[in-house]
Amino acid sequence: MSLSEIKKFIEANDNFAIIGHTNPDGDCVGSCMGLWYMLKTIGKNARVIMDTEDVPPFLRFIWNSESSGGEADSFDAYIALDCAGADRLARFKDEFCSFKNTACIDHHRTNVGFAGVNAIFPEAAATGEIIYRLAKEMSNLTLTAEAAECIYTAIASDTGGFKYSSTTGDTLRAGADLLDIGLDSAAIHKRLFDTYTLGQIQLISDITSTLSMHFGGKVAVISVTDELLSSRGMRADDADFLVSLPRSIEGVEVGVFLKKRGSDVKVSLRSGDSADVSEIAARLGGGGHIRAAGITLKNTNLVKAKEIILEEVKNLF
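Per the numbering used here, the sequence shown starts with residue 543, numbered consecutively.
This is how it looks when you write it as structure tokens:
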């Protein structure tokens with residue numbers, strides 16, 4: 543479905559609830575905040591259904607606490623952003639799916655369209671890139687510097703600072719246009735990629751000690767537990783900056799990051815040019831992109847989760 547349908551959806555409604563996925567990343571938070579600023583600029587009422595404590599500390603520079611709050615009965619439209627499926631809405635899934643007037647804007651190719659109006663563009667490097675396209679199509683909108691900063695953060699976050707293979711000419715042109723509006727890209731990149739807490743630096747040593755290599759060095763696995771993070775005084779998402787670490791090892795085609803959370807194990811997969819990890823994720827009930835995907839394995843431990851993933855990954859080689 544084209545963005546024109548999303549434009550009509552926005553024009554036809556006045557009070558919006560914007561919902562992102564559980565454990566929000568930079569693309570999610572940036573897209574939600576960017577759209578919030580856009581809707582406010584054209585005179586619409588909008589709320590981002592996300593708690594401040596859900597926003598990772600390193601992303602709070604784009605978070606505006608005025609965006610959150612609101613009751614379900616005060617909205618006439620819901621928009622889900624950067625959600626590959628309804629399950630990614632977590633505790634807001636039932637609220638969203640029971641509502642009759644919904645839309646979804648996303649770039650995950652595994653998204654089959656779970657909303658009433660769907661704008662799914664798998665070729666986009668980030669949902670933020672789609673939000674940028676939407677802004678360009680809205681003739682009654684002039685992007686503010688605040689909105690531009692949020693959308694730029696979304697795109698930069700999901701492209702690793704415009705370096706991943708998902709980055710296209712359109713992605714770079716979007717970044718350039720947003721930069722021209724007036725934002726400090728160096729400061730954004732420093733916050734996203736070059737700033738670490740002492741605990742995170744110590745965590746690098748902790749987690750690399752769990753490293754194991756498989757299939758002739760083509761697969762690397764690292765892991766972390768809630769207990770380890772707690773011992774370092776860290777949140778669950780404070781370790782996410784290490785997701786791509788195993789993939790960065792020379793000769794590795796697939797990097798696996800296992801995170802034990804309660805009774806479940808969250809699995810993050812990253813791949814090189816020859817492996818499609820989204821297929822593995824889909825088979826195990828997860829989703830994502832060709833080069834980056836994720837799964838949550840329920841009621842298991844790290845040892846069993848590792849066995850399950852390696853059994854799937856071995857079919858790639």
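Where is the CB? At the ideal position from N, CA and C, for every residue including glycine.
According to the Cβ coordinates, are residue i and residue j closer than 8 Å?
{"i": "Tyr674", "j": "Ile662", "result": "no"}
{"i": "Val571", "j": "Ile604", "result": "yes"}
{"i": "Leu577", "j": "Leu623", "result": "yes"}
{"i": "Glu795", "j": "Ile822", "result": "no"}
{"i": "Asp818", "j": "Pro598", "result": "no"}
{"i": "Val763", "j": "Leu800", "result": "yes"}
{"i": "Ser609", "j": "Val590", "result": "yes"}
{"i": "Ser816", "j": "Gly830", "result": "no"}
{"i": "Cys646", "j": "Asn660", "result": "yes"}
Where residue i and residue j are concerned, what is the direct C-alpha to C-alpha distance, given to the nearest angstrom?
{"i": "Lys586", "j": "Leu753", "result": "50 Å"}
{"i": "Ile552", "j": "Leu545", "result": "11 Å"}
{"i": "Asn643", "j": "Arg630", "result": "19 Å"}
{"i": "His649", "j": "Pro664", "result": "4 Å"}
{"i": "Ser727", "j": "Arg833", "result": "25 Å"}
{"i": "Lys856", "j": "Ile749", "result": "23 Å"}
{"i": "Thr652", "j": "Leu740", "result": "37 Å"}
{"i": "Trp607", "j": "Gly703", "result": "Note that residue 607 is Ser in the sequence shown, not Trp. Computed Cα separation, rounded: 26 Å."}
{"i": "Asp567", "j": "Ala716", "result": "20 Å"}
{"i": "Glu679", "j": "Gly658", "result": "21 Å"}
{"i": "Phe558", "j": "Ile584", "result": "13 Å"}
{"i": "Asp722", "j": "Glu671", "result": "16 Å"}
Within the present structure, is the beta-carbon of residue i separated from the nearest heavy atom of the ligand FAD by less than 7 Å?
{"i": "Lys846", "result": "Inclusion of the ligand FAD in the displayed structure is not the case, the ligand content being empty and no account of it being possible."}
Give the DSSP bridge partners of residue i, in chain order.
{"i": "Gly836", "result": "Ser810 and Gly829"}
{"i": "Ser649", "result": "Looking at the sequence shown, residue 649 is not Ser but His. His649 is not bridged to any residue."}
{"i": "Arg602", "result": "In DSSP, Arg602 forms no bridge with anything."}
{"i": "Thr644", "result": "Tyr620"}
{"i": "Ala661", "result": "Ile647"}
{"i": "Ser607", "result": "Answer is none; Ser607 lacks a bridge partner."}
Provide the residue span of the beta strand (DSSP E) that contains residue i, from first to last.
{"i": "Leu623", "result": "Ala619 to Leu623"}
{"i": "Phe558", "result": "Asn557 to Ile561"}
{"i": "Arg589", "result": "Asn587 to Val590"}
Does residue i come within less than 8 Å of chain D when only Cβ atoms are used?
{"i": "Ala823", "result": "Absent from the structure is chain D; it holds one protein chain and no more."}
Going by DSSP, what residue range makes up the alpha helix (DSSP H) through residue i?
{"i": "Ser546", "result": "Leu545 to Ala554"}
{"i": "Ile672", "result": "Thr669 to Glu679"}
{"i": "Phe484", "result": "It is not possible to answer for residue 484, since the shown part of the chain is limited to 543 through 859."}
{"i": "Gly532", "result": "Nothing can be reported for residue 532, as the shown portion of the chain is limited to 543 through 859."}
{"i": "Gly572", "result": "Gly568 to Thr583"}
{"i": "Val855", "result": "Leu844 to Val855"}
**Request:** Any chance you could list the alpha helix (DSSP H) runs of at least 4 consecutive residues sitting entirely within the segment 751 to 816, in chain order?
**Result:** If only complete runs of 4 or more residues are kept, the segment 751 to 816 shows the alpha helix (DSSP H) at 768 to 773, in order along the chain.
**Message:** So within the segment 718 to 755, which uninterrupted beta strand (DSSP E) runs reach at least 3 residues, ignoring any that extend past its ends?
**Reply:** None, since the segment 718 to 755 contains no complete beta strand (DSSP E) of that length.
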